[in-house]
Each structure stands twice: as C-alpha cells, then as structure tokens.
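Chemist: Residue numbers (our numbering), protein chains in the order written: chain F, 110 to 539; chain U, 110 to 539.
Number of protein chains: 2
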Amino acid sequence: MSESLKIAVAGLGTVGAETVRLIHEHGALIAARCGRPIAVAGVSARDRSKARPVEVSNLPWFDDAVAMAADPEIDVVIELIGGAEGVAKAVIEAAIGARHHVITANKALLAHHGTGLARAAEAAGVTLAYEAAVAGGIPIIKVLREGLAANRIERIYGVLNGTCNYILTTMRETGRDFDAVLAEAQRLGYAEADPGFDIDGVDTAHKLAILTALAFGCEVNFDGVHVEGIREISSLDIAYAEELGYRIKLLGIAGRGEGGVEQRVHPCMVAKDSPIAAVEGVFNGVVAEGDFVGTIMAEGQGAGAGPTASAVVADLIDIARGTSLPTFAVPAVDLERVPSLPIERHVGCQYIRLMVVDRPGVIADIAAALRDEAISVEALLQRGRAPDEAVPVIITTHETEDAAMVRALARMDALDAVLEPPRRIRIEAL
Amino acid sequence: MSESLKIAVAGLGTVGAETVRLIHEHGALIAARCGRPIAVAGVSARDRSKARPVEVSNLPWFDDAVAMAADPEIDVVIELIGGAEGVAKAVIEAAIGARHHVITANKALLAHHGTGLARAAEAAGVTLAYEAAVAGGIPIIKVLREGLAANRIERIYGVLNGTCNYILTTMRETGRDFDAVLAEAQRLGYAEADPGFDIDGVDTAHKLAILTALAFGCEVNFDGVHVEGIREISSLDIAYAEELGYRIKLLGIAGRGEGGVEQRVHPCMVAKDSPIAAVEGVFNGVVAEGDFVGTIMAEGQGAGAGPTASAVVADLIDIARGTSLPTFAVPAVDLERVPSLPIERHVGCQYIRLMVVDRPGVIADIAAALRDEAISVEALLQRGRAPDEAVPVIITTHETEDAAMVRALARMDALDAVLEPPRRIRIEAL
Chain F
110 MSESLKIAVA GLGTVGAETV RLIHEHGALI AARCGRPIAV AGVSARDRSK
160 ARPVEVSNLP WFDDAVAMAA DPEIDVVIEL IGGAEGVAKA VIEAAIGARH
210 HVITANKALL AHHGTGLARA AEAAGVTLAY EAAVAGGIPI IKVLREGLAA
260 NRIERIYGVL NGTCNYILTT MRETGRDFDA VLAEAQRLGY AEADPGFDID
310 GVDTAHKLAI LTALAFGCEV NFDGVHVEGI REISSLDIAY AEELGYRIKL
360 LGIAGRGEGG VEQRVHPCMV AKDSPIAAVE GVFNGVVAEG DFVGTIMAEG
410 QGAGAGPTAS AVVADLIDIA RGTSLPTFAV PAVDLERVPS LPIERHVGCQ
460 YIRLMVVDRP GVIADIAAAL RDEAISVEAL LQRGRAPDEA VPVIITTHET
510 EDAAMVRALA RMDALDAVLE PPRRIRIEAL
Chain U
110 MSESLKIAVA GLGTVGAETV RLIHEHGALI AARCGRPIAV AGVSARDRSK
160 ARPVEVSNLP WFDDAVAMAA DPEIDVVIEL IGGAEGVAKA VIEAAIGARH
210 HVITANKALL AHHGTGLARA AEAAGVTLAY EAAVAGGIPI IKVLREGLAA
260 NRIERIYGVL NGTCNYILTT MRETGRDFDA VLAEAQRLGY AEADPGFDID
310 GVDTAHKLAI LTALAFGCEV NFDGVHVEGI REISSLDIAY AEELGYRIKL
360 LGIAGRGEGG VEQRVHPCMV AKDSPIAAVE GVFNGVVAEG DFVGTIMAEG
410 QGAGAGPTAS AVVADLIDIA RGTSLPTFAV PAVDLERVPS LPIERHVGCQ
460 YIRLMVVDRP GVIADIAAAL RDEAISVEAL LQRGRAPDEA VPVIITTHET
510 EDAAMVRALA RMDALDAVLE PPRRIRIEAL
C-alpha cells in the first residue's frame with residue numbers, strides 16, 4: 110500500500126469534528142477504497158480547549174489555520190470554517206499557493222469567489238473539491254460533473270435548504286403560521302437564531318449559483334440570482350395550494366434561456382404528484398434534466414454532521430485515488446461569462462391571493478387590471494360571502510411575463526377594495 | 110489538446126446506435142469535458158446493411174467483433190451485444206487480453222462473471238466500467254462507488270425493472286388484471302415478446318447482484334439471490350394494498366445480516382408515502398442507506414436508448430479523463446466471499462390473502478395454523494358476507510420468519526374451506 114495521504118482540517122465545529130470522527134471510525138474501509146491510508150496531520154480551530162464529540166488532543170494542533178494550510182507536510186487541506194471572506198478564504202488561498210489540494214463545504218465562498226478559486230487551483234495543478242457545499246450528503250456535484258457528463262443540461266432545480274423545507278412542510282401538516290413554526294424550528298435546532306440566511310433564500314442562492322456554473326459551464330454568478338424567501342408565505346396560501354393540487358416549495362431553479370441563463374430562488378407551487386413535491390421535511394432534492402438522460406432526481410439529507418462529513422470524505426477518497434477533474438467540469442479558464450436573464454422576463458403561470466371587500470364591482474376592477482396587462486386568467490375563486498367584509502380572492506393565471514404581473518399587482522394593490530398587498534406565488538411546471 | 114481516444118462499439122442495436130449518435134452530436138462538449146476528442150475507430154454488428162437511426166457507413170467496420178476488440182488501434186471497447194455468454198463475453202475477454210478498457214451495459218454477464226472479469230481487468234491494468242448495466246441513466250454505480258465511498262452501506266434496494274414497474278403502476282391506475290396490462294405493455298414496446306426475463310424478476314436479480322458486490326465489497330453472487338416475479342399479483346391484491354396504505358413494487362433488496370448478506374427480489378408492499386412508492390411507471394429508483402449519509406435515493410429512467418447511452422458515455426468520459434477505479438470499489442482480489450442468507454431466515458411482516466368458504470369455524474382453523482407457527486396477526490379482515498360462498502380474507506402479520514410463514518401457508522392451503530392457493534406478499538419497512 111502506498112504512503113499515507115496527509116490531511117489538515119481547518120475548523121472543528123459540528124462538521125469538522127464529524128469528519129475527523131468518520132476518518133478514524135472508517136480508517137480501514139477508506140484505506141481499502143483509496144489504496145492508501147489517510148493521516149490527520151493537522152487540525153486547527155479557534156478554541157483548542159473546547160469540548161468536542163471527538164478526541165483531537167492527540168492530533169497535531171495549529172493555532173494558525175493559514176499557516177497550517179501552507180505547511181509543506183500537508184497534502185490536502187479541508188476547510189470547514191465557513192464564511193465568504195476572512196479566514197476561510199485565506200486558508201484556501203494559502204493551500205492553493207502551497208500546491209495542496211483543497212476540500213471545502215463553503216457555499217458562500219464558492220458562490221462569491223468560485224471562478225477565481227477554481228482558476229487558481231487549476232493553475233496550481235491541484236483539486237478544489239466541494240461536494241459538501243451543495244445538498245449535504247447527496248453527491249449531486251459528482252452526479253452532474255461525471256454521472257451526467259455526456260448530456261447537455263437544460264435545467265436544474267431543487268429543494269436546497271432543509272430549514273425552509275422543514276418550515277413549509279410543518280406549516281402544511283399542522284396548519285400553523287410561519288412565525289410559530291420558525292420559532293419551533295429554532296428550538297429544535299433546525300433554524301439558526303438569526304434565520305435570515307436560510308429563510309430569505311440566500312443559502313439556496315449560494316448553492317444554485319454553484320450548480321449553475323457546473324451544469325452550464327459558465328462562471329459562478331451569484332449576483333445574477335433573483336432571490337426571494339419564504340417569510341411572506343401564509344398558512345392560507347398553503348391551504349389554497351393544497352386545494353388547487355399544489356405544494357409550496359422554496360426552489361432554486363436554473364435554466365438555459367434565449368441569450369443567457371436564468372437563475373431564480375423563490376417560493377413555488379409545484380404539482381402535488383411531482384417528484385420534487387415529495388421531498389419533505391429537512392430533506393433536500395435536486396432534479397437535473399439532460400438531453401439524453403431525461404430527468405434524474407437525487408434526494409437525501411441536505412445538512413447535518415454525518416451527511417456533510419460523508420460528502421467531505423468522498424472528495425477526500427477521490428483525491429487519494431488520484432482522480433483529478435476540472436472544478437466545474439470544464440477547465441475554469443474556459444468557463445463562459447453568460448448573461449443573466451432578468452426575472453422580469455421570466456414567463457410562467459402564477460397564483461395570486463387578494464384580501465378584498467366583498468362588494469359589487471371589485472372583481473371587475475381586478476379583472477381589468479389583469480386584462481390591461483394581457484394576463485389570461487385560468488381560474489378565479491372568491492371564497493365565502495360576507496357583504497362589505499374582507500374575503501380572499503384566489504386567481505391562477507396562464508403563462509405571463511413576470512414584469513406584466515408586477516405591474517398588474519401594483520394596480521390591484523392601489524384599489525380601495527384591496528385591503529392587503531396582494532400575495533403572489535409562481536406556479537412551476539416541473 | 111491531447112491525442113484522441115479511439116473507441117470501438119460492438120453491437121449496434123438501439124443502445125449501440127444511440128451511443129454512436131450521442132458521441133457525434135456532443136463531440137465538442139465531450140472533448141471539452143475529457144480534455145481530448147473521442148474517435149469511433151471501429152463498429153461491429155451482425156448485419157452491416159441493416160437500417161439504423163445513425164449513419165455508420167463512414168465508420169471502420171469489423172465483421173468480427175472479437176477481432177475488433179483485440180485490435181491494437183483501439184483504446185476502449187464498448188460492448189453492447191448483451192447476453193451472459195457467447196460473443197459478448199468473448200469480446201470483453203479479448204479486449205482485456207489486449208489491455209483495452211471495457212465499457213459494458215451487460216448486467217447478465219456481470220451477474221454471472223463479474224468477479225472474474227473484474228479480476229482479469231484489474232490484473233491487466235484496465236478499467237471495466239458498467240454504469241449502464243444498472244438502472245439505465247441513473248448514475249447509481251458512481252454514486253455508490255464514489256459518492257458514498259465514505260460510508261458503510263447497511264442496505265440497498267430499488268425498483269430496478271421498468272417493465273414490471275410499468276405493469277404494476279398501470280394495474281393500480283386502471284384496476285385491470287396482470288395479463289391485460291402485460292399485453293398492452295408488449296404492444297407499447299415496454300415489454301418483450303418473451304417477457305419472462307423481466308416479469309419473473311431475473312433482470313432485477315442481475316442488477317441486484319451487481320449492486321450487492323459494490324455496496325458490500327463481496328464477490329458477485331447471482332446464485333445467492335432469492336427471486337420471485339410478479340405474475341401472481343392480482344388486481345385484488347393491488348386494491349387491498351391501496352386500502353391498507355401500501356403500494357406493491359417489485360424490489361431488489363440487499364442488506365447485511367448476521368453472518369452474511371441477504372439478497373432478494375420479490376413483490377413488496379411498501380408504505381404509500383415512502384419515497385420508493387413514488388417511483389412510478391417505467392422509472393427506476395434506488396435507495397442506499399449509509400451509516401454517515403443516512404438515506405439517499407436516486408430516480409430516473411432505467412432503460413431506453415438515450416438514458417443508457419448517457420451512462421455508457423459517462424463511463425467513456427471517466428476513462429478519457431484518466432479516472433481509474435477498482436471495478437467494485439475495492440480491488441477485485443480483495444472482494445470477500447460472503448455467505449448468502451437464505452430467504453427462509455428472512456424476518457418481516459407479511460400480507461396474506463385467502464379465498465375461503467364463508468362458514469363458521471374457517472377463521473378459527475386459519476388462526477390455528479398461524480398460532481401453531483407462532484405468527485402474530487396484526488389484522489384480519491373478512492370482506493363481504495356470503496354464507497357458503499367464496500369470500501376473501503386478508504391477514505397482515507407482525508414480524509415473522511419466512512420459513513414459519515411457508516409452513517403456515519401450506520397448512521392453510523390444505524384446509525377444505527380454502528379454495529385457492531393462499532397469496533402472500535411481504536411487507537417491507539422502508
């Protein structure tokens with residue numbers, strides 16, 4: 110058996126500690142699959158004395174993660190610190206500078222600096238691996254980059270954030286409102302104390318930007334992602350979705366369009382019997398559509414220590430086996446700069462909910478706002494009769510351009526009889 | 110860009126022709142992903158003049174596929190002839206003998222000769238790739254061998270035959286009987302004129318034997334697979350399954366047990382809301398359970414020209430990129446010979462349907478047969494009342510050993526009041 114592969118782990122939080130534990134627990138299995146043993150030759154974290162679920166006192170400790178990353182004894186640096194800037198970025202840059210392979214779970218960093226880091230790694234002749242950065246334990250990077258490599262990918266979409274999916278699933282199952290379910294998710298540890306990153310769609314957008322580069326061979330373009338979160342989803346909308354045959358999911362969707370690539374993250378209504386609708390709770394699911402393979406879906410745990418460590422060590426085994434691939438499937442210098450298609454030009458069906466005063470003429474005013482934007486109504490339902498009181502009106506439309514819908518929503522919002530800002534959820538044909 | 114990789118395609122049926130078409134249509138994309146172009150340096154089939162969906166007259170033709178496989182000009186041989194013996198086997202052996210890489214979609218061949226061929230390929234220093242042999246376009250071989258390589262796999266199961274799944278799905282959706290739906294599937298081209306290979310579970314067993322070797326690091330052991338097909342499934346059972354909250358699927362299931370590995374293929378009742386139950390029609394789905402990653406499911410088209418060619422060319426791109434991995438994840442010489450656990454020792458819940466004469470004492474006799482085998486009844490339902498006529502009796506049991514159930518079924522079958530052989534379907538907790 111060949112010489113051992115020497116790795117350094119920067120960051121010993123939940124995922125870092127689990128990665129060390131996995132490498133120890135499955136040392137023999139990993140060595141059999143790699144053809145060589147793995148040796149943890151360095152660990153670094155902010156606090157050396159902190160209690161951790163794995164013993165690290167017998168491992169070489171580095172106070173300075175950046176110095177560790179550049180240490181000539183190291184072959185592979187595993188960055189599990191997180192954050193788009195700061196130490197994490199310095200660690201990866203130092204590792205590449207010292208010609209060490211890099212494994213990272215850092216989606217924010219890749220979303221913001223992925224193209225540049227990929228070019229630096231490939232210029233240095235080292236691997237930049239990031240299976241753990243998207244959809245946790247699901248090997249979606251490998252599936253896209255290798256498993257579907259023979260295909261032109263037309264579209265990719267997924268449930269990429271377990272926190273949002275847990276909240277939406279629980280809202281549907283219990284009928285409770287967003288705030289109550291979010292508070293519960295925080296108590297259970299499924300949502301952060303500061304949940305904005307997840308529930309405002311930013312985390313999903315980071316992951317989508319990475320998948321887009323990989324699927325379409327273009328530069329990572331986080332700024333090109335249209336992002337909306339789930340704060341505005343009410344239990345009323347969830348109930349109406351159910352009645353109309355839909356489930357509400359926060360999806361990241363990227364597709365080829367005329368003259369560019371569309372990247373968007375927002376709540377979607379999807380048909381109840383579509384495979385993506387069956388991805389529930391904290392699970393993630395990703396669907397890729399290729400011109401030869403058709404539709405492929407992968408589902409699994411998108412977060413958590415075990416699944417994320419599984420993805421980190423899969424990358425490590427690839428590196429130990431000598432597998433070397435371009436970061437985003439084609440050489441990073443060849444990644445194209447592709448225009449982002451603005452959300453305003455997106456065309457799709459829509460769901461609208463208005464709270465209106467129940468009196469004659471209101472529906473006519475609403476219909477006029479839609480007609481003037483050439484929006485074709487598929488269905489209009491007024492629920493309950495309560496003269497001169499507030500009742501919900503639900504409208505679903507045929508395919509319409511997003512910009513036209515925004516204008517129509519503004520006109521409806523300006524009507525006296527419309528009591529709350531109209532709610533709109535895009536309906537996706539998946 | 111490096112020199113082109115020279116490939117030879119043996120067999121130009123649906124999949125062979127589509128593979129050639131894919132390589133031509135996506136030549137630039139494949140070259141970008143491989144770092145080198147692919148050149149089709151040889152094709153061979155039984156009938157040179159046959160009309161095919163792709164032009165092959167401009168490609169070097171070989172009358173003798175075995176001679177082509179050994180031709181020193183060739184780098185990679187793609188075997189798409191099929192069959193566990195004969196020409197397909199000779200082609201692969203000739204290719205390995207000449208130290209050419211091999212790609213095959215031939216599950217029967219690998220199920221019967223996988224261990225030996227893997228050892229021969231690895232001794233010769235060449236790759237034996239077979240992504241297309243299991244679950245068509247779903248890259249499940251790659252997911253298991255690389256994506257989940259950090260895990261100890263505990264269990265793997267799946268819907269691995271689209272023909273059976275189409276028949277079972279259509280039976281449920283239409284209420285029609287097996288024979289009528291099979292005839293329709295044959296008309297639509299979803300089932301062969303001689304359907305035994307699919308509907309008797311043999312094809313599923315071939316695929317399961319391959320997955321088992323890969324997941325558990327053991328020799329391929331097709332003879333160790335317990336196989337039952339779907340001919341006996343009646344529309345009555347499908348309706349009762351629905352009522353009890355189950356769907357009926359033909360699954361291949363492999364798991365670690367005490368002292369060995371269990372491999373079985375048979376109809377199963379699975380909970381309606383389980384992910385595998387949502388794999389419908391001609392689709393395939395595979396679930397792997399790993400100790401760190403948890404449960405991962407992949408779903409897609411398990412057959413058809415496009416998806417299968419996608420898998421073949423994914424293997425080709427891996428080879429062109431220089432990726433080289435042991436056939437079954439660990440070196441073939443290290444694959445263990447693991448005992449097969451007999452189906453008689455399998456423990457699980459069961460569904461039984463009896464057609465009985467509706468008269469006093471019958472249920473007591475049935476209950477006695479179960480009691481004497483220490484089988485605990487979960488529910489017993491007698492449907493309809495028709496004194497002295499035939500009525501169905503449905504029984505579900507708690508966990509019971511398969512052998513005990515077989516004995517109890519024999520005793521029930523011997524009762525005068527039991528008019529047809531009892532039907533039994535295992536209930537899987539997935």
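Note that CB positions come from ideal geometry on N, CA and C, so glycine has one too. Bear in mind that the values here come from a model prediction, so they are computed numbers and not experimental data.
Tell me the DSSP bridge mates of serine 383 of chain F?
Modeler: For the purposes of this step, residue 383 of chain F is identified with residue 274 of the first sequence, where counting begins at 1. BP columns for serine 383 of chain F are empty, so no partner.
Chemist: How many Å lie between glycine 403 of chain F and alanine 193 of chain F at the Cα?
Modeler: Locating residue 403 of chain F in the first sequence gives position 294, counting from the first residue. Locating residue 193 of chain F in the first sequence gives position 84, counting from the first residue. Going from the Cα of glycine 403 of chain F to the Cα of alanine 193 of chain F covers about 35 Å.
Chemist: Closer than 8 Å, CB to CB, is glycine 403 of chain U near chain F or not?
Modeler: Stepping through the second sequence from its first residue, residue 403 of chain U is reached at position 294. So, interface residue.
Chemist: Any idea which residues DSSP pairs glutamate 194 of chain F with across the strands?
Modeler: Position 85 of the first sequence, counted from the first residue, corresponds to residue 194 of chain F. Per DSSP, none; premise fails for glutamate 194 of chain F.
Chemist: Kindly list, in the order they appear in chain U, the residues whose Cβ is closer than 9 Å to that of lysine 251 of chain F.
Modeler: Position 142 of the first sequence, counted from the start, is the residue given in the question as residue 251 of chain F. Simply Pro248, Lys251, Val252, Glu255 and Gly256.
Chemist: At the level of alpha carbons, what is the spacing between valine 185 of chain U and leucine 359 of chain U?
Modeler: In the second sequence, counting from the first residue as 1, residue 185 of chain U sits at position 76. In the second sequence, counting from the first residue as 1, residue 359 of chain U sits at position 250. If I take the Cα positions, the gap works out to 35 Å.
Chemist: Per the DSSP calculation, cysteine 458 of chain F is bridged to which residue(s)?
Modeler: What you label residue 458 of chain F is simply residue 349 of the first sequence in a count that begins at 1. Cysteine 458 of chain F pairs with F:Ile536.
Chemist: Nearest by alpha-carbon distance to threonine 505 of chain U: which of U:Ile262, U:Gly409, U:Ala397 and U:Gly354 is it?
Modeler: Position 396 of the second sequence, counted from the first residue, corresponds to residue 505 of chain U. For the residues U:Ile262, U:Gly409, U:Ala397 and U:Gly354, the minimum Cα distance to threonine 505 of chain U belongs to U:Gly354.
Chemist: Interface residues of chain U around glycine 409 of chain F at Cβ under 8 Å?
Modeler: Position 300 of the first sequence, counting from 1, holds the residue named residue 409 of chain F. Within 8 Å Cβ-Cβ: Val402, Gly403, Thr404, Ile405 and Met406.
Chemist: Return the chain-ordered list of same chain residues with a C-beta closer than 7 Å to the C-beta of alanine 418 of chain F, the five sequence neighbours on each side being excluded.
Modeler: As a first step, residue 418 of chain F is located in the first sequence; it is residue number 309 there, counting from the start. If we look at alanine 418 of chain F and ignore the five residues flanking it on each side, its Cβ neighbours are Val124, Glu127, Thr128 and Leu131.
Chemist: Within its chain, find whatever has a CB closer than 6 Å to the CB of glutamate 398 of chain F; leave out the 5 residues flanking it on each side and keep chain order.
Modeler: For this step, residue 398 of chain F is matched to residue 289 along the first sequence. Excluding residues within five positions, the ones whose Cβ falls inside 6 Å are Glu263, Arg264 and Thr404.
Chemist: Can you name the start and end residues of the beta strand (DSSP E) that lysine 159 of chain F belongs to?
Modeler: Looking up residue 159 of chain F in the first sequence gives position 50. Counting along the chain, lysine 159 of chain F falls outside any beta strand (DSSP E), and DSSP gives it neither H nor E.
Chemist: Run down chain U in chain order and give the residues with a C-beta less than 9 Å from the C-beta of histidine 135 of chain F.
Modeler: Residue numbering aside, residue 135 of chain F sits at position 26 when the first sequence is read from its first letter. By Cβ distance, chain U contributes Ala259, Asn260, Arg261, Asp400 and Phe401.
Chemist: Note down the Cα distance separating alanine 513 of chain U from threonine 224 of chain U, rounded to an integer number of angstroms.
Modeler: As a first step, residue 513 of chain U is located in the second sequence; it is residue number 404 there, counting from the start. As a first step, residue 224 of chain U is located in the second sequence; it is residue number 115 there, counting from the start. Looking at the two C-alpha atoms, the distance is approximately 34 Å.
Chemist: DSSP three-state call for alanine 258 of chain F: helix, strand or coil?
Modeler: As a working note, residue 258 of chain F is residue 149 in the first sequence. If DSSP states are grouped into helix, strand and coil, alanine 258 of chain F belongs with coil.
Chemist: According to the neighbour-count rule (16 or more other Cβ atoms, all chains shown, within 10 Å of its Cβ), is proline 469 of chain F buried or exposed?
Modeler: Residue 469 of chain F sits at position 360 when you count from the first residue of the first sequence. Result: exposed.
Chemist: From which residue to which residue does the beta strand (DSSP E) around leucine 345 of chain F run?
Modeler: The residue given as residue 345 of chain F occupies position 236 in the first sequence. No beta strand (DSSP E) holds leucine 345 of chain F; the alpha helix (DSSP H) holding it covers 344–353.
Chemist: On the criterion of 16 or more Cβ atoms from any shown chain inside 10 Å, does glycine 541 of chain F qualify as buried, or is it exposed?
Modeler: Within the shown structure, residues of chain F are numbered from 110 to 539, placing residue 541 of chain F beyond reach of any answer.
Chemist: Taking only the alpha-carbon atoms, compute the straight-line gap between lysine 381 of chain U and alanine 387 of chain U and give it to the nearest angstrom.
Modeler: Looking up residue 381 of chain U in the second sequence gives position 272. Looking up residue 387 of chain U in the second sequence gives position 278. Roughly 8 Å separates the two Cα atoms.
Chemist: Counting only C-beta atoms, is threonine 509 of chain U closer than 8 Å to chain F at any point?
Modeler: In the second sequence, the residue the question calls residue 509 of chain U occupies position 400. False, the Cβ-Cβ gap to chain F never drops below 8 Å.
Chemist: Just reading off the beta strand (DSSP E) that leucine 490 of chain F is part of, what are its end residues?
Modeler: Along the first sequence, read from residue 1 onward, the residue named residue 490 of chain F stands at position 381. Run containing leucine 490 of chain F: 486–491, per the beta strand (DSSP E) assignment.
Chemist: When the distance is taken between beta carbons, is glycine 256 of chain U closer than 8 Å to lysine 251 of chain F?
Modeler: Here the question's residue 251 of chain F lines up with position 142 in the first sequence. Here the question's residue 256 of chain U lines up with position 147 in the second sequence. In contact: lysine 251 of chain F and glycine 256 of chain U (Cβ atoms closer than 8 Å).
Chemist: I'd like to check one pair, alanine 117 of chain U with alanine 203 of chain U: are the Cβ atoms closer than 8 Å?
Modeler: By 1-based counting over the second sequence, the position of residue 203 of chain U is 94. By 1-based counting over the second sequence, the position of residue 117 of chain U is 8. Taking 8 Å as the Cβ cut-off, alanine 203 of chain U and alanine 117 of chain U do not qualify as a contacting pair.
Chemist: Quick one, are the C-beta atoms of valine 442 of chain U and valine 502 of chain U less than 8 Å apart?
Modeler: Within the second sequence, the letter at position 333 stands for residue 442 of chain U. Within the second sequence, the letter at position 393 stands for residue 502 of chain U. No, Cβ-Cβ distance for valine 442 of chain U and valine 502 of chain U is not below 8 Å.
Chemist: Taking 8 Å as the cut-off, does the region 420–433 of chain U touch the region 408–417 of chain F (at least 3 CB pairs, one atom from each stretch)?
Modeler: Judged by Cβ distances under 8 Å, the region 408–417 of chain F makes no contact with the region 420–433 of chain U, as fewer than three pairs qualify.
Chemist: Under 7 Å Cβ to Cβ from valine 149 of chain U, same chain only, skipping five residues before and after it: list those, please.
Modeler: Taking the second sequence and counting its residues from 1, the one referred to as residue 149 of chain U is at position 40. If we look at valine 149 of chain U and ignore the five residues flanking it on each side, its Cβ neighbours are Ile116, Val118, Val129, Ile132 and Leu168.
Chemist: What does proline 384 of chain F touch in chain U if you count any residue whose Cβ is under 8 Å from its own?
Modeler: The count along the first sequence starts at 1 and reaches residue 384 of chain F at position 275. The contacting residues are Ala387 and Glu408.
Chemist: Cβ atoms of threonine 436 of chain F and alanine 227 of chain F: under 8 Å apart, would you say?
Modeler: Counting from 1 along the first sequence, the entry for residue 227 of chain F is found at position 118. Counting from 1 along the first sequence, the entry for residue 436 of chain F is found at position 327. Cβ distance < 8 Å, so alanine 227 of chain F and threonine 436 of chain F count as in contact.
Chemist: Output needed in chain order: residues of the region 414–431 of chain F with a Cβ under 7 Å from some Cβ in chain U.
Modeler: For the region 414–431 of chain F, which is checked against every Cβ of chain U, the residues closer than 7 Å are Gly415, Pro416, Ala418, Ser419, Val422, Ala423, Ile426, Asp427 and Arg430.
Chemist: What separation, rounded to the nearest whole angstrom, lies between the Cα atoms of leucine 277 of chain F and glutamate 337 of chain U?
Modeler: Here residue 277 of chain F is taken as the residue at index 168 of the first sequence, counted from 1. Here residue 337 of chain U is taken as the residue at index 228 of the second sequence, counted from 1. Near 41 Å, if we compare the C-alpha coordinates of glutamate 337 of chain U and leucine 277 of chain F.
Chemist: Considering only the alpha carbon of each residue, which of F:Arg161, F:Val486, F:Leu291 and F:Glu188 lies closest to tyrosine 460 of chain F?
Modeler: For the purposes of this step, residue 460 of chain F is identified with residue 351 of the first sequence, where counting begins at 1. Ranking F:Arg161, F:Val486, F:Leu291 and F:Glu188 by Cα distance to tyrosine 460 of chain F puts F:Val486 first.
Chemist: Identify whether proline 248 of chain F lies in helix, strand or coil by the three-state DSSP scheme.
Modeler: For the purposes of this step, residue 248 of chain F is identified with residue 139 of the first sequence, where counting begins at 1. Here proline 248 of chain F sits in coil by DSSP.
Chemist: Do you know how far the Cα of arginine 373 of chain F is from the Cα of glutamate 453 of chain F?
Modeler: For the purposes of this step, residue 453 of chain F is taken as residue 344 along the first sequence, with counting starting at 1. For the purposes of this step, residue 373 of chain F is taken as residue 264 along the first sequence, with counting starting at 1. Between glutamate 453 of chain F and arginine 373 of chain F, the C-alpha separation is close to 11 Å.
Chemist: Report buried or exposed for glycine 99 of chain U, applying the criterion of at least 16 other Cβ atoms within 10 angstroms of its Cβ.
Modeler: This structure gives no information on residue 99 of chain U, because the portion of chain U shown stretches from 110 to 539.
Chemist: Establish whether the CB of leucine 320 of chain U and some CB of chain F are separated by less than 8 Å.
Modeler: Indexing the second sequence from 1 puts residue 320 of chain U at position 211. No - not a single Cβ of chain F is within 8 Å of the one on leucine 320 of chain U.
Chemist: Express the C-alpha separation of glutamate 498 of chain F and arginine 533 of chain F in angstroms, rounding to a whole number.
Modeler: Translated into positions along the first sequence, residue 533 of chain F becomes position 424. Translated into positions along the first sequence, residue 498 of chain F becomes position 389. Their Cα atoms are separated by approximately 22 Å.
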